[in-house]
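In our numbering, the protein residues as written are 68 to 787.
Worksheet: the structure to be examined is printed underneath.
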RNA sequence: GCUGGUGUAGCUCAGUUGGCAGAGCAGCGCAUUCGUAAUGCGCAGGUCAUCGGUUCGAAUCCGAUCACCAGCUCCA
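Spelled out as structure tokens, the structure:
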């Protein structure tokens, strides 16, 4: 902090004009000097592009723009301040509440709060009422700069243990600040609006659990979400938008359009009904054809493997908790006595292998379990206690051998296609002339996801990917990936979809292999993205342990982000499977493997497609392309002729010959999002035509049947 | 898996203090033969998610389980 000097300060405003002040000034003063209206409307200020409080001293020449409700940067500041407003209200309602962190988001804001009992939506009315009172009090919001010690004293006096932890995490040398409004003080970087009187439109939306510091082993806090706008009108608009988004929800449309269903007895697995199946198969066929054109081979490999495969691939060690394990015909059923014996032996081993403190906790848990099999499975899971992966099997080789032999003949459903493709590559000796060897597979995958993560089509336990593995030589990476990204772009453009983000994930701390290899690979990926002219962000250290990756993220209608396409480089799998090819010099060389998917999973992509189109699929994808509607049953004869002609012509057609009035049939057809409704009555029969109503263009009038067939033929053509 | 919420007809939802299970839409039947977003009348449809408990009596109160929803952790 510079001490105020008497040097004049020159302020450049956005219109280029310059104002001179005798000494240090503030945003509030500058706004006041321009006009009383602006001073009143001012929310915060940008100083050389950095958002600051209106009251922040400006002691040096700077470019300044005053932020009002109309400035795009202002909304984030308002919402950030609204978290404080809400937190203050919660504190008045529940004085013992402990605050953690409360940032603004794209949609609004949230605050993680610890209360006993937890806050529920039933508390919202009370909290909002208090918020309104605080608005009425129009408390000035003041910034306080604190030393680290003062900050510690201030927040420990209030028992705010989460805030104390935040203080410790502020880097040395950074300014520590807090904001005060009335009795409420919150540790915060700011900036904030000048007074609590400014809030006009806010609403609490939902509560959800959130782990402290994002770690499942820590305290669980209540995340209270809300949103805020400058005007009631904007808030109402936002709420209406959320309503609209709900109508596009693929779970709702999937049921209404009879695309798929789910059942309690198959959680996380989809029943594809006739119409959904038509679309699914079409997407799958198109993807197969595209891959064939792009030089891929397509294979179809087993679903069920002896676990030996996954031992070799590493999945058994790293992914076992997410795999469905199946006893084979020759695996021995575990006898009750064996289970009891193993449980006892494992417990004895655990007592020495597990660190004392954790073992005490575990022992208390163990004591609550009454059956031997419950104790055994608890002990087997113990390897994850404390987030460490020490494995009890390794500490107790005797038990290990017994368990393994019992597991002989045990199978597992594949969670990924890569291991089988390694076997395909290894099936015979490979030459450099075959590379890049691209193997495509739409096999069925099973992942035993935790129950709480399942939802709709976006997260399921059984699914297919448009998966492929490309085996290539190190020097082929850049060209191949460049080509691949361009292909991915092409496919998404065909659907009119754009990526919300693209991430390049780089070397993590626990990487395997040579640093130089990683550097070269990361550089190659980066060059490939740039060659395609795409924006991307680097996710430093977020790569898989076996190689760097590129993730393509799209957004659904509820603004949630989903990873769809992915490209991953892998140096480990070829090594584990001992893959090699003969190079130009007649030497063995190890190939690099690229894992890639364009849609990602068909299921997730399908869900996103439904929401993207709001159920109004393009004609080539729509499960029903046309429906023939009769004005009355007098025209059933000609209508049947039209219907038969359509079907023979390869149009996916339906008929509605019911005794309803035409308005009602139109409504039904519209609701089912059928691209073309063909009305047939006296006039059409006489002129051998159909009265066409398009889902997107409305009424088109009578068209001869031949002309309509020509029109729909064009639209049916597959376009990737 | 964790936190919170929800579960009533195929769908959307009522159901008061614990006292006979309700509506609209969809379905079926009959009538209507109609020109671009809902024709009328009638009928049928329920293990109130499941299991257990409290009670003279439970959709309603309590507990457990299952599923779903909003998130978290994870992830295509």
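Yeah, the Cβ is synthetic: ideal placement off N, Cα and C, and Gly gets one too.
Given the structure is predicted, the values throughout are model-derived calculations rather than measurements.
Using DSSP with H/G/I as helix, E/B as strand and the rest coil, what is residue 482?
As a first step, residue 482 must be located in the first chain, where it is residue number 415. In the structure shown, residue 482 sits in coil (DSSP, three-state: anything other than H, G, I, E or B).
At the level of alpha carbons, what is the spacing between residue 268 and residue 299?
Here the question's residue 268 lines up with position 201 in the first chain. Here the question's residue 299 lines up with position 232 in the first chain. About 5 Å.
To the nearest angstrom, report how far apart residue 486 and residue 367 are at their CA atoms.
As a working note, residue 486 is residue 419 in the first chain. As a working note, residue 367 is residue 300 in the first chain. One C-alpha to the other measures close to 13 Å.
DSSP three-state label for residue 190, please.
Looking up residue 190 in the first chain gives position 123. Correct three-state label for residue 190: helix.
By alpha-carbon positions, which one of 219, 237, 236, 204 ends up nearest to residue 265?
Locating residue 265 in the first chain gives position 198, counting from the first residue. Nearest of 219, 237, 236, 204 to residue 265, Cα basis: 204.
From what residue to what residue does the alpha helix (DSSP H) around residue 209 run?
Walking along the first chain from the start, residue 209 turns up at place 142. Per DSSP, residue 209 belongs to no alpha helix (DSSP H); it is in the beta strand (DSSP E), 209–213.
Over what stretch of residues does the beta strand (DSSP E) that includes residue 287 continue unbroken?
In the first chain, residue 287 corresponds to position 220, counting from 1. Taken as a continuous stretch (DSSP letters only), the beta strand (DSSP E) holding residue 287 covers 287–296.
Between the region 124–142 and the region 152–163, do at least 3 Cβ pairs fall closer than 8 Å?
no
Measure the CB-CB distance between residue 259 and residue 180 and report whether it falls below 8 Å.
By one-based count along the first chain, residue 259 stands at place 192. By one-based count along the first chain, residue 180 stands at place 113. Taking 8 Å as the Cβ cut-off, residue 259 and residue 180 do not qualify as a contacting pair.
Please list, in chain order, all residues of the same chain as residue 362 whose beta carbon is under 7 Å from its beta carbon, the five residues on each side excluded.
Start at 1 with the first residue of the first chain, and residue 362 comes out as number 295. Here the set comprises 505.
Buried or exposed for residue 390, going by 16 or more other Cβ atoms inside 10 Å?
Residue 390 sits at position 323 when you count from the first residue of the first chain. That one is buried.
Spatial neighbours of residue 342 within its chain, please: C-beta separation below 8 Å, excluding the five flanking residues on both sides.
Position 275 of the first chain, counting from 1, holds the residue named residue 342. If we look at residue 342 and ignore the five residues flanking it on each side, its Cβ neighbours are 324, 325, 326, 690, 691.
From residue 55 to residue 393, what does the alpha carbon distance come to, in whole angstroms?
What the structure shows of the chain is the stretch from 68 to 787, and residue 55 is not part of that stretch, so it cannot be assessed.
In or out: residue 579 buried (at least 16 other Cβ within 10 Å) or exposed?
Indexing the first chain from 1 puts residue 579 at position 512. So residue 579 counts as exposed.
Spatial neighbours of residue 472 within its chain, please: C-beta separation below 6 Å, excluding the five flanking residues on both sides.
The residue you call residue 472 lines up with position 405 of the first chain. Here the model assigns residue 472 a pLDDT of 49, short of 50, so the residue's position is not dependable, and the following value carries that caveat. Within the same chain, residue 472 has no close Cβ partners at all.
Give every residue of the same chain whose Cβ lies closer than 6 Å to the Cβ of residue 529, excluding the five residues on either side of it in the sequence, and list them in chain order.
For the purposes of this step, residue 529 is identified with residue 462 of the first chain, where counting begins at 1. Result list for residue 529: 336, 513, in chain order.
Excluding the 5 residues preceding and the 5 following residue 771 in the sequence, name in chain order all residues of the same chain whose CB lies nearer than 6 Å to its CB.
Counting from one through the first chain, the residue named residue 771 turns up at place 704. Here the set comprises 756.
How is the beta strand (DSSP E) around residue 606 delimited, first residue to last?
As a position in the first chain, residue 606 is number 539, starting the count at 1. Start and end: 604–606.
Tell me, please, whether the region 577–595 touches the region 545–555 by the rule of three or more beta-carbon pairs shorter than 8 Å.
yes
Which whole-angstrom value is the C-beta distance of residue 201 and residue 148, which I expect to be below 8 Å?
Here the question's residue 201 lines up with position 134 in the first chain. Here the question's residue 148 lines up with position 81 in the first chain. About 11 Å separates the two Cβ atoms, so there is no contact after all.
Between the alpha carbons of residue 750 and residue 738, how many angstroms are there, rounded?
Reading the first chain from its first residue, position 683 is the one you call residue 750. Reading the first chain from its first residue, position 671 is the one you call residue 738. Approximately 26 Å, taken between the alpha carbons.
Should residue 311 be labelled buried (16 or more other beta-carbon atoms within 10 Å of its own) or exposed?
Taking the first chain and counting its residues from 1, the one referred to as residue 311 is at position 244. Exposed.
How long is the line joining the alpha carbons of residue 281 and residue 671, rounded to whole angstroms?
As a first step, residue 281 must be located in the first chain, where it is residue number 214. As a first step, residue 671 must be located in the first chain, where it is residue number 604. When rounded, the distance between both Cα atoms is 25 Å.
Note down the Cα distance separating residue 535 from residue 606, rounded to an integer number of angstroms.
Walking along the first chain from the start, residue 535 turns up at place 468. Walking along the first chain from the start, residue 606 turns up at place 539. Near 24 Å, if we compare the C-alpha coordinates of residue 606 and residue 535.
Among all the DSSP beta bridges, which residues are the ones paired with residue 91?
As a position in the first chain, residue 91 is number 24, starting the count at 1. DSSP output for residue 91 lists no bridge partner at all.
Whose CA, out of 683, 701, 89, lies closest to the CA of residue 761?
Working through the first chain from its first residue, we reach residue 761 at position 694. Comparing Cα positions, the closest option is 683.
Mind checking whether residue 177 and residue 292 have CB atoms under 8 Å apart?
Working through the first chain from its first residue, we reach residue 177 at position 110. Working through the first chain from its first residue, we reach residue 292 at position 225. Yes. Within cutoff.
Using the three-state DSSP reduction, which class does residue 680 fall into: helix, strand or coil?
Working through the first chain from its first residue, we reach residue 680 at position 613. Of the three classes helix, strand and coil, the one that applies to residue 680 here is helix, per DSSP.
Please tell me whether residue 175 and residue 95 are closer than 8 Å, where the distance is taken between their beta carbons.
Translated into the one-based positions of the first chain, residue 175 becomes position 108. Translated into the one-based positions of the first chain, residue 95 becomes position 28. No, these two residues do not count as a Cβ contact at 8 Å.
Which residues share a DSSP beta bridge with residue 262?
Counted from its first residue, the first chain places residue 262 at position 195. Per DSSP, 207.
Excluding the five sequence neighbours on either side, which residues of its own chain have a C-beta within less than 7 Å of the C-beta of residue 247, listed in chain order?
On the first chain, residue 247 is found 180 positions in, with the first residue counted as 1. Excluding positions up to five away in sequence, the list reads 209, 211.
What are the start and end residues of the alpha helix (DSSP H) that includes residue 374?
Taking the first residue of the first chain as position 1, residue 374 is located at position 307. 374–380 is the extent of the alpha helix (DSSP H) around residue 374.
Using the rule of at least 16 other Cβ atoms within 10 Å of the residue's Cβ for burial, across every protein chain shown, is residue 369 buried or exposed?
On the first chain, residue 369 is found 302 positions in, with the first residue counted as 1. Residue 369 comes out exposed.
Should residue 483 be labelled buried (16 or more other beta-carbon atoms within 10 Å of its own) or exposed?
Numbered from 1 along the first chain, position 416 holds the residue referred to as residue 483. By the 10 Å Cβ count, residue 483 comes out buried.
Could you check whether residue 661 and residue 552 sit closer than 8 Å to each other, using their CB atoms as the reference points?
In the first chain, counting from the first residue as 1, residue 552 sits at position 485. In the first chain, counting from the first residue as 1, residue 661 sits at position 594. Going by C-beta atoms, residue 552 is not nearer than 8 Å to residue 661.
Pick from 732, 728, 745 that is closest to residue 707, judged by C-alpha positions:
As a working mapping, residue 707 is identified with position 640 in the first chain. Residue 707 has its Cα closest to that of 745, out of 732, 728, 745.
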